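Below is one structure, written out as structure tokens, with a few remarks after it.
2 protein chains.
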Amino acid sequence: MELDFQKSDGLITAVIQDYQSGRVLMVGYMNEEAFRRTVDSGFATFYSRSRKKLWMKGEGSGHRLAVKEIATDCDRDAVLVKVEAIGPGVCHEGYESCFFRLLEDDKWKVVDTPTYDPAVIYGGRA
Amino acid sequence: MELDFQKSDGLITAVIQDYQSGRVLMVGYMNEEAFRRTVDSGFATFYSRSRKKLWMKGEGSGHRLAVKEIATDCDRDAVLVKVEAIGPGVCHEGYESCFFRLLEDDKWKVVDTPTYDPAVIYGGRA
Chain A
1 MELDFQKSDG LITAVIQDYQ SGRVLMVGYM NEEAFRRTVD SGFATFYSRS RKKLWMKGEG
61 SGHRLAVKEI ATDCDRDAVL VKVEAIGPGV CHEGYESCFF RLLEDDKWKV VDTPTYDPAV
121 IYGGRA
Chain B
1 MELDFQKSDG LITAVIQDYQ SGRVLMVGYM NEEAFRRTVD SGFATFYSRS RKKLWMKGEG
61 SGHRLAVKEI ATDCDRDAVL VKVEAIGPGV CHEGYESCFF RLLEDDKWKV VDTPTYDPAV
121 IYGGRA
């Protein structure tokens, strides 16, 4: 049984969840090669829709995502990847999770505290 | 600060997570109207890419998703919706979560037990 890469221009949605805390850390997208590299290497690898190329999360920052478990959904067009996040945070803006803003009174409010300084890790680059 | 509906044909990705157990239950997609209805009604509403229309999860089955909290990510093109799932299961195939298959030895294996009979709820329709 294969994943369905056809429904969304060759991509599936990949939800990244901390395997211990259960916190959802980020959402990325994988084409078939990115999925294959994720499985084979044991580190989450995505396809960047904006840069139109593969990227292993953490290839620059060192903040890699070590795969613990991969599940797929009933439609086989999304995967849930449980990971051990290497390093202090997944988000390039300096937070543990990319989901650091909550909707409150119809406004997005930052509710987390940064876990590292992205300027040091990324040198000011996103 | 608005969500970015432009990056993916008017849609954002919505990850649905049980607010108590932390289990990821499903992934859906929302256009701006679906997101607005989700916020205003308090029940998760999606845009079906295959049927090309809005659908409130549970409008047929009664298995609605009561919103507890909504977060967005750094790119503002995905939301994480923590919910209380009404009913025995979110997946139309009879499982608590749509992510009921795990990758084992490069094969997808069903690892969950059904929590209800979808033929009773959905009358054989998906």
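As given, the protein sequences belong to chains A and B, one line each in that order.
Numbering follows the numbering used here, in which position 55 of the first sequence is assigned residue number 55; successive positions increment by one, without gaps.
Numbering follows the numbering used here, in which position 34 of the second sequence is assigned residue number 34; successive positions increment by one, without gaps.
Quick reminder that beta carbons are idealized off the backbone N, C-alpha and C, glycines included.
These figures come from a predicted structure and were not determined experimentally.
Three-state class that DSSP yields for residue 40(B) in the structure shown: Working through the second sequence from its first residue, we reach residue 40(B) at position 40. If DSSP states are grouped into helix, strand and coil, residue 40(B) belongs with the helices.
Can the beta-carbon of residue 4(B) be found closer than 7 Å to that of residue 98(A)? Here residue 4(B) refers to the residue found at position 4 when the second sequence is read from its first residue. Here residue 98(A) refers to the residue found at position 98 when the first sequence is read from its first residue. No, Cβ-Cβ distance for residue 4(B) and residue 98(A) is not below 7 Å.
Measure the beta-carbon distance from residue 89(B) to residue 116(B) and round it to whole angstroms, keeping in mind my assumption that it falls under 8 Å. Position 89 of the second sequence, counted from the start, is the residue given in the question as residue 89(B). Position 116 of the second sequence, counted from the start, is the residue given in the question as residue 116(B). The pair is a contact, with the Cβ atoms about 5 Å apart (cut-off 8 Å).
Whose C-alpha, out of 70(A), 96(A), 28(A) and 107(A), is nearest the C-alpha of residue 86(A)? Counted from its first residue, the first sequence places residue 86(A) at position 86. Of the residues 70(A), 96(A), 28(A) and 107(A), the one whose Cα lies closest to the Cα of residue 86(A) is 96(A).
Residue 121(B) lies in the alpha helix (DSSP H); which residues open and close that run? As a working mapping, residue 121(B) is identified with position 121 in the second sequence. For residue 121(B), the enclosing alpha helix (DSSP H) has its first and last residue at 118 to 122.
Evaluate residue 119(B) with the Cβ neighbour count: other Cβ atoms within 10 Å of its Cβ, from every protein chain shown; 16 or more gives buried, anything less gives exposed. Indexing the second sequence from 1 puts residue 119(B) at position 119. Its Cβ having fewer than 16 others within 10 Å, residue 119(B) is exposed.
By the three-class DSSP mapping on this structure, what secondary structure does residue 5(B) have? The residue given as residue 5(B) occupies position 5 in the second sequence. Residue 5(B): coil per DSSP, three-state reduction.
State the Cα-Cα distance for the pair residue 54(B) and residue 71(A), rounded to the nearest angstrom. Numbered from 1 along the second sequence, position 54 holds the residue referred to as residue 54(B). Numbered from 1 along the first sequence, position 71 holds the residue referred to as residue 71(A). Distance between residue 54(B) and residue 71(A), taken at the CA atoms: about 26 Å.
With which residues is residue 79(B) paired in a DSSP beta bridge? Numbered from 1 along the second sequence, position 79 holds the residue referred to as residue 79(B). Answer by DSSP bridge pairing, in chain order: 14(B) and 72(B).
So with CB distances below 7 Å, who are the chain B contacts of residue 78(A)? Counted from its first residue, the first sequence places residue 78(A) at position 78. Correct list: 27.
Can you find the residues in the same chain that come closer than 8 Å, C-beta to C-beta, to residue 126(A), ignoring five residues on each side of it along the sequence? Locating residue 126(A) in the first sequence gives position 126, where the first residue counts as 1. Per-residue confidence for residue 126(A) stands at a pLDDT of 44, beneath the threshold of 50, marking its modelled position as unreliable; no derived number is given.
Pick out whichever of 101(B), 43(B) and 112(B) has its Cα sitting closest to the Cα of residue 59(B). As a first step, residue 59(B) is located in the second sequence; it is residue number 59 there, counting from the start. In this structure, 43(B) is the residue among 101(B), 43(B) and 112(B) with its C-alpha nearest to the C-alpha of residue 59(B).
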